[in-house]
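Numbered per our numbering, the sequence shown spans residues 1267 to 1516.
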Amino acid sequence: MAEAMIRAIELHKRFGAHEVLRGLSLDFPPETTTVILGGSGSGKSVFMKHLIGLLRPDSGQVLIDGEDLAHLRGRELHRVRRKFGMVFQMAALFDSMSVLDNVAFPLREHAKDMTEGSRRRKAMERLEALGLAGAADKFPAELSGGMRKRVGLARAVILDPKVVLYDEPTTGLDPITTRSVDDMIQDAKTRFGVTSVVISHDIASSFRIADRLAFLHEGEIVELGAPSGFRESTHPAVRRFLDFGYEVSA
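This is how it looks when you write it as structure tokens:
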């Protein structure tokens, strides 16, 4: 098995008297999609913030390509964060910018040595790769929910990251748009060779896109495996989550 792109090792995190992460360990193999499931308040967002160094564990390690985030500061931490792209829950596009300018924005911030023409050409290449060339001059308010997600992905991969994080990518979307976002995540893994980490509540979507599913409960990973095996879990918290989800969607 290839060396893990990301390794979380025995993470503990407490906020006051509330212990959110309790010895959480999880590896993320390169160029795979790992979906992290769990109920509200299970620690999914806190865990994701540890993966990019926005939070530091009370104890434990987060290794990115073998580098421990806890030991990095300033420029070194920024360098490692450049390995990540982020697709936010509601896309988080700039309303006052065109689609092309939204996608080019990270290049203007971080690729100062590029000419503006080169930035715009690269942004257009990403839009074309995701079937959005015709939307380049539109503004976010003119786009459907699925198109906004794809623009968010184009922006997330513009700096050629090794990892793309997706925060609840199908929240608030209708079933048809949800399926298109699922296809987008799978296509991005293949087209751009990224390691994908998805935080989700959406059971049906998760089973479609995941190479591996991880269930976070009370600050620990209590179930990990391929979708086929995950369905057969006997862990009480996993069973409640899956059974309720299927009941709701039935």
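Glycine included, each C-beta is placed from N, C-alpha and C at the ideal position.
Residue i: first and last residue of the uninterrupted alpha helix (DSSP H) it sits in
i     : result
E1342 : G1340 to R1347
A1450 : Residue identity differs from the one stated: residue 1450 is Met in this sequence, not Ala. First-last of the alpha helix (DSSP H) with M1450: P1441 to F1458.
F1354 : F1354 -> no alpha helix (DSSP H), and no H or E assigned at all.
A1470 : I1469 to I1475
Contact under 8 Å by Cβ, residue i with residue j
i     : j     : result
Q1355 : T1437 : yes
R1288 : V1369 : no
R1387 : L1366 : no
K1455 : E1269 : no
V1429 : K1310 : no
Y1432 : I1465 : yes
G1326 : I1275 : yes
L1396 : R1416 : yes
S1472 : L1482 : no
I1475 : D1440 : no
V1346 : L1335 : yes
M1450 : L1425 : no
Endpoints, the beta strand (DSSP E) within which residue i is located
i     : result
S1308 : That residue, S1308, is in no beta strand (DSSP E); it is neither H nor E in DSSP.
T1461 : T1461 to S1466
V1286 : H1284 to F1294
A1480 : R1478 to H1483
S1325 : S1325 to I1330
G1491 : E1486 to G1491
D1433 : V1429 to D1433
Where residue i falls, given that 16 or more other Cβ within 10 Å makes a residue buried
i     : result
D1324 : exposed
S1410 : exposed
H1316 : buried
F1360 : exposed
R1392 : buried
E1394 : exposed
L1320 : exposed
P1427 : buried
K1378 : exposed
A1500 : The displayed chain sequence assigns Thr, not Ala, to residue 1500. Per the 10 Å Cβ criterion, exposed.
S1308 : buried
S1462 : buried
R1414 : buried
Simplified DSSP state of residue i, which is helix, strand or coil
i     : result
M1363 : coil
A1274 : strand
L1398 : coil
F1313 : helix
A1336 : helix
D1247 : Lying before the first or after the last residue shown, residue 1247 is absent from the chain, which here runs from 1267 to 1516.
G1319 : coil
L1393 : helix
K1415 : helix
V1423 : coil
R1280 : strand
L1508 : helix
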